[in-house]
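Under my numbering, the first residue of the sequence shown is numbered 467, with each subsequent residue one higher. So the structure is just underneath, and the comments pick up after that.
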Amino acid sequence: MFDTMALDLLQQEWAHGDLKPGNIIADGGRLRLIDYDAVYYPAAASFTPDECGTPHYQHPRRNKELYGKRIDDYSIAIISATLRALAHDPGLYRQYGSKDIFLFDPAKAAEGRSEACRAALKIAADNGDAILHRLVTSLHSPTPEIDGLEELFSFAVSGIDSTGSLTPYRHGYLWGYQTSTDITAIPPLYDTALEFSENLAAVTIGGANHFIDTDGKLCIN
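Below you can see the structure in the form of structure tokens.
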């Protein structure tokens with residue numbers, strides 16, 4: 467439900483500015499945002515915001531000068547990564563969570579010194595959860611903006627939106643799969659990705675080997 471709401475938000479022209487659990491209400495099977503004090507919208511692009519969101523869910527470099535459509539990127543990544551990690555192992559909260567820190571401390575995550583991030587990366591690798599691995603890795607971003615987030619959440623919510631054969635392709639340090647017409651079917655998620663054979667492809671996630679099917683779903687752990 468959060469990923470669906472996040473994708474919808476990423477596709478809008480505005481941004482909430484203060485995404486955190488306390489500003490999200492579960493209402494009749496859907497999620498609803500509240501508290502728009504830090505909102506960005508195009509007509510206010512030249513203004514200076516009064517606040518920059520709650521620090522526990524914001525990148526350390528978030529400040530009043532960073533005001534635009536992408537201000538929710540880091541908050542979306544940190545909340546989704548937290549929910550996915552806790553779905554695998556709820557005990558992570560007892561180890562790393564607190565009243566203020568949901569699971570990942572942004573300051574430690576961005577600097578690459580988060581024990582919670584290291585634990586979540588291992589869980590993602592062991593369980594073949596490429597989306598969790600990509601999200602946790604993105605928390606090490608040097609900037610609040612995270613490239614490819616809309617593409618990632620589109621895949622997380624809807625899966626592959628194409629038919630036909632899929633071919634591995636490389637983007638930066640990661641591999642994904644694209645169609646014969648160079649349309650991305652599976653966004654860059656894997657350390658390595660081999661050709662499909664008998665509807666299975668071998669991929670590597672955080673050093674662990676897995677097989678996915680042509681729907682991009684984990685088939686053999």
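Yeah, the Cβ is synthetic: ideal placement off N, Cα and C, and Gly gets one too. This structure is a prediction, so every number in the text was calculated from the model and none was measured.
- Looking only at C518, T670 and R527, the smallest Cα-Cα distance to A596 is reached by T670.
- Distance from the CA of N687 to the CA of A591, rounded to the nearest whole angstrom, comes to 10 Å.
- Beta-bridge analysis with DSSP links W480 to no other residue.
- Counting the other Cβ atoms within 10 Å of the Cβ of R496 gives fewer than 16, which makes it exposed.
- Within the model, the alpha-carbon separation for A659 versus D539 is close to 26 Å.
- In the DSSP assignment, no residue is bridged to I500.
- Annotation: S663 to T680 spans about 10 Å, alpha carbon to alpha carbon.
- When the Cα atoms are used, D501 and D648 turn out to be separated by approximately 41 Å.
- Under a 10 Å Cβ-count criterion, Y656 is classified as buried, with 16 or more other Cβ atoms of the shown protein chains found around its own Cβ.
- For Q644, the beta-bridge partners assigned by DSSP are T633 and T650.
- Collapsing the DSSP output to three states places T514 in coil.
- Judged by beta-carbon spacing, Y643 lies within the 7 Å limit of A651, meaning their Cβ atoms are closer than that value.
- Bounds of any alpha helix (DSSP H) do not take in D679; it lies within the beta strand (DSSP E) bounded by A674 to D679.
- Assigned with DSSP and collapsed to three states, L655 falls in strand.
- For I671, DSSP records a beta bridge to A674.
- Cβ contact annotation for R498 (same chain, cutoff 6 Å, sequence separation greater than five): I491, in chain order.
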